[in-house]
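Comments concern the structure below.
Protein chains: 2
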Amino acid sequence: MATMADVARRAGVSVSTVSYALSGTRPISLTTRRRIEQAMLDLEYTPNAFARGLKSKRSHIISLLLPARPGSPQPSSLEYILGAADHAQRCGYHLMLWTADVEAVDDLTQFAGQGLVDGALLMEVRPEDPRIQVLVDAGVPFTMIGRNADPAGLDFVDADAEQTAEAAVEHLLGLGHRRLGFVGGPSVRNPVQNAILQAVKRADAGMNVDLVQVEAECSTEGGRNAFAWLLHSSPKITAIIVANEQAVSGLIRASADFGRRIPDDLSMMCLDMPAHVAELITPPMTTAGPSAAEIGRAAVDMLLRRLDGDVAPARQLLFRGELNLRGSCAPVRDADHQTASDR
Amino acid sequence: MATMADVARRAGVSVSTVSYALSGTRPISLTTRRRIEQAMLDLEYTPNAFARGLKSKRSHIISLLLPARPGSPQPSSLEYILGAADHAQRCGYHLMLWTADVEAVDDLTQFAGQGLVDGALLMEVRPEDPRIQVLVDAGVPFTMIGRNADPAGLDFVDADAEQTAEAAVEHLLGLGHRRLGFVGGPSVRNPVQNAILQAVKRADAGMNVDLVQVEAECSTEGGRNAFAWLLHSSPKITAIIVANEQAVSGLIRASADFGRRIPDDLSMMCLDMPAHVAELITPPMTTAGPSAAEIGRAAVDMLLRRLDGDVAPARQLLFRGELNLRGSCAPVRDADHQTASDR
DNA sequence: CCGGACCGTCGATTCGATTCGACTATTTCA
DNA sequence: TGAAATAGTCGAATCGAATCGACGGTCCGG
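Quick note, the sequences are listed as chains C and L, same order.
Each residue of the first sequence is one higher than the last, beginning at 1463 in my numbering.
Each residue of the second sequence is one higher than the last, beginning at 1463 in my numbering.
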């Protein structure tokens, strides 16, 4: 309510002096500073965000671009959001949510053009993501959480898909599994899918590993279908790696329907699933992947550095995915090696 | 980038004319309007949010106050957030996240004083919630999602705890259960807990229903402890109603440890758990409660109405909780009536 | 045919903070 | 001792849009 002019009047100085006292841009004598501070306290003065933003071209607001149809939420999104929001706040920034679809280019253009936000965090980045060009054109600095097909020259934070895939594959091979399945999401050219393939190839030193990959829709039904397909293409399958949170329920349900007990008959592991969700599953789901909250925080850090004038070449940060062993993976049973096709 | 002055120059009119053309506040001739629109297109003009906010005292930003320690997120929060964000956006508003703790009164005071937001949505409202006074003092209109101890005169949207409790209790009694348990959260004076108690009392027409209530911490461990306590105080218990998402994993785990199969030996039902989470559990969890996304939307609606100058007395909206029957509740077995104490 | 009601437009002021140039008083150094 | 640097403060311009009062022109009714 109170304005700078009010404070100035009460402290018996000019408006500019108050401003300098607040920002520290120019030296102010101790006595004057004290009077001003007292006046600010008395009047409960809070600088007006708009006036400040108008003149200084800095809003201290960053936005989180999260294309999300409400109704089919990914639980892990929440971790990113909270991780980012919390950290941004600690750094003196506000976090604004932008949920419009990836394709809503015009809306985004307008949003970016308003000058409301200092920068943006991009989530659910697609290989060819139209939002990137919009932000570049509008001159809004941004950091991606995930990455597009050609991220050269762009800042991003992402899970280390190669390393995570390797850890996951290694674990299952170590348990004796040789016939693996992979369930991905519907996104084109999922980097994780590729990473798994590579990891299997690399590890496959005469082990004769079999890998079947399938893309599932993000729903229980999608998971069911994926499971049926997997079993159809590789009846002797003993372990499944899932990179699609929303399909897990269907996979579990279907595996029960097909009479495959987890982990006795079938091991299952999910990538990038939050711990509290994994704990809910019976048996508790073994997972692999970095902490979403931490990635969110790192993305904020990276963005804020740019806002502070960092002109270094594009920074790209990968997060190691830890393996969280719970109860959904078990050593392969010997019987499976011989006769696993007759169920 | 382009300003109103640029547009005015290009269209050969004055700044004020452009402004009137944009807002429609005063009549503008068709030919002039067209020239202006063309100029705006040519220059890709977007009104500056700060200048607009400074002059008009309206930011078209609302904030969502969601005290959340990242690390222990409630999956249902995400539904509220996305429901609210999406709807706000549709209504031409931006949604800003504020994650500071309920007790961080000073931070909130400053935030509210900045004039950045037109209004606020309050989540995780406590019986005695200091944020309420802060917002009232700052003159920031707000709507609560949930309610405090004395919500008279305040706008809120909430689940209809009485009705939901009644539906839940009725369902279990209908299945023959007479020894019930209730697991609540750590919040003081949880209205749901009370509602359950009342519902049991009301329904108890000589049925001789037994109800044991316990508060659990929001964690797997909390759920485990609650289960042990429940079993200790009421060994013959056959059904549990849970109003604490984060304790469910512990309850499930403990019930397995104690050899109680769900739903054969023990029925379990969770209030206000999102469908996609309930589907993950084995067996799929029966739930009761309204749609979080819908509540989020309704809260936005209510708030925006106030921002549009609605001066009606406080609006208070309760949402019916639908029962979603999945697989975690079953008819009580007759044996339980006679000898359920000897496990 | 003249006065008032409207229409369409413009100039000037305002919102509240930032910042540049200028000015005074004091200090520093050659 | 005089020139230059420094500390401390002020006034005024500025950011970009909203809005009020005013003004010339058109139209209508009496």
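Virtual Cβ for every residue (Gly too), placed ideally from N, Cα, C.
Item checked: Interfacial residues, the segment 1534–1567 of chain C to chain L, with Cβ spacing under 8 Å -> SER1534, PRO1535, PRO1537, SER1539, LEU1540, GLU1541, ILE1543, LEU1544, GLY1545, ALA1547, ASP1548, GLN1551, HIS1556, LEU1557, MET1558, LEU1559, TRP1560, THR1561 and ALA1562
Item checked: Closest residue to GLU1541/L among LEU1787/L, LEU1785/L and HIS1738/L (Cα-Cα distance) -> HIS1738/L
Item checked: Cβ-based contacts, 9 Å cut-off: residues of the segment 1496–1513 of chain C near chain L -> Cβ contacts with chain L: GLU1506, TYR1507, THR1508, PRO1509, ASN1510, ALA1511, PHE1512 and ALA1513.
Next item on the list: From the DSSP output, in three-state form, read off ASN1786/C for me.
Entry: ASN1786/C: strand per DSSP, three-state reduction.
Notebook entry, point to check: So is MET1669/C buried or exposed if we call it buried at 16+ other beta carbons inside 10 Å?
Noted result: If you draw a 10 Å sphere on the C-beta of MET1669/C, you find fewer than 16 other C-beta atoms in it, and that means exposed.
Margin query: Quick test of your reading: ILE1523/L and VAL1579/L, contact by CB under 8 Å. State the CB separation rounded to the nearest angstrom.
Written below: Between VAL1579/L and ILE1523/L the Cβ distance is about 5 Å, and since that is below 8 Å, they are a contact.
Notebook entry, point to check: Whole-angstrom Cβ separation of LEU1642/L and LEU1559/C, contact assumed at under 8 Å?
Noted result: With 8 Å as the limit, LEU1642/L and LEU1559/C do not qualify as a contact, their Cβ atoms being about 40 Å apart.
Check: How should PHE1512/L be labelled, buried or exposed, when 16 other C-beta atoms within 10 angstroms of its C-beta is the threshold for buried?
Finding: buried
Checklist line | chain L contacts from the segment 1702–1723 of chain C (Cβ-Cβ distance under 7 Å) | finding: GLN1708, VAL1710, SER1711 and ILE1714
Notebook entry, point to check: Is the segment 1567–1585 of chain L touching the segment 1601–1619 of chain L in the sense that three or more CB pairs, one from each, lie closer than 8 Å?
Noted result: yes
Note to self: 8 Å is my cut-off, CB to CB: does ALA1530/L come that close to chain C?
What the structure shows: yes
Next item on the list: Kindly confirm or deny that the segment 1477–1485 of chain C and the segment 1493–1508 of chain C touch, where touching means at least three C-beta pairs closer than 8 Å.
Entry: yes
Next item on the list: For TYR1576/C, return the contacting residues in chain L, with the cut-off set at a CB-CB distance below 8 Å.
Entry: The question names Tyr, but residue 1576/C is Gln in the sequence shown. Residues of chain L passing the Cβ test: THR1508, PRO1509, ASN1510 and ALA1511.
Note to self: Please state whether the Cβ-Cβ distance between ALA1467/L and VAL1475/L is less than 8 Å.
What the structure shows: Not a contact, by the Cβ cut-off of 8 Å.
Check: Where does the unbroken alpha helix (DSSP H) through ILE1703/L begin, and where does it stop?
Finding: Run containing ILE1703/L: none in the alpha helix (DSSP H); it sits in the beta strand (DSSP E), 1701–1704.
Check: In the structure shown, what three-state DSSP assignment does SER1729/C receive?
Finding: strand
Note to self: Three or more C-beta pairs under 8 Å: does that hold for the segment 1777–1793 of chain L against the segment 1613–1622 of chain L?
What the structure shows: Touching, yes, given that three or more Cβ pairs across the two stretches are closer than 8 Å.
Next item on the list: Counting only the same chain and skipping the five closest in sequence on each side, list residues whose C-beta sits under 8 Å from that of SER1681/L.
Entry: SER1534, GLN1708, ALA1709 and GLY1712
Check: DSSP state of PHE1512/C, grouped into three classes?
Finding: helix
Note to self: Measuring only the C-alpha atoms, how far is GLU1741/C from VAL1596/L?
What the structure shows: 38 Å
Notebook entry, point to check: Would DSSP call MET1558/L helix, strand or coil?
Noted result: strand
Check: Is the segment 1656–1664 of chain C in contact with the segment 1717–1725 of chain C, if contact means three or more CB pairs nearer than 8 Å?
Finding: In short, these stretches do not touch, since the Cβ pair count stays below three.
Notebook entry, point to check: Does any CB atom of chain L fall closer than 8 Å to the CB of GLU1741/C?
Noted result: yes
Notebook entry, point to check: Between which two residues does the alpha helix (DSSP H) harbouring SER1711/C extend?
Noted result: Residue range 1710–1719 is occupied by the alpha helix (DSSP H) that includes SER1711/C.
Next item on the list: Can you say whether GLY1758/C is buried or exposed, counting buried as having 16 or more other CB atoms within 10 angstroms of its CB?
Entry: buried
Next item on the list: Rounded to whole angstroms, what's the CA-CA distance from GLY1789/C to PRO1725/C? Just pull it up for me.
Entry: 7 Å
Notebook entry, point to check: How many Å lie between PRO1592/C and ASP1563/C at the Cα?
Noted result: 11 Å
Next item on the list: Pick helix, strand or coil for ARG1588/L, following the three-state DSSP scheme.
Entry: coil
Next item on the list: If I'm right that LEU1516/C touches THR1561/C with Cβ under 8 Å, what's the distance once you round it to whole angstroms?
Entry: With a Cβ gap of about 27 Å, LEU1516/C and THR1561/C do not count as contacting.
Notebook entry, point to check: The alpha helix (DSSP H) spanning LEU1492/C covers which residue range?
Noted result: 1492–1505
Notebook entry, point to check: So with Cβ pairs under 8 Å, would you call GLN1655/C a contact of chain L?
Noted result: no
Checklist line | Contact residues within the segment 1624–1638 of chain L, judged by C-beta distance below 9 Å to chain C | finding: none
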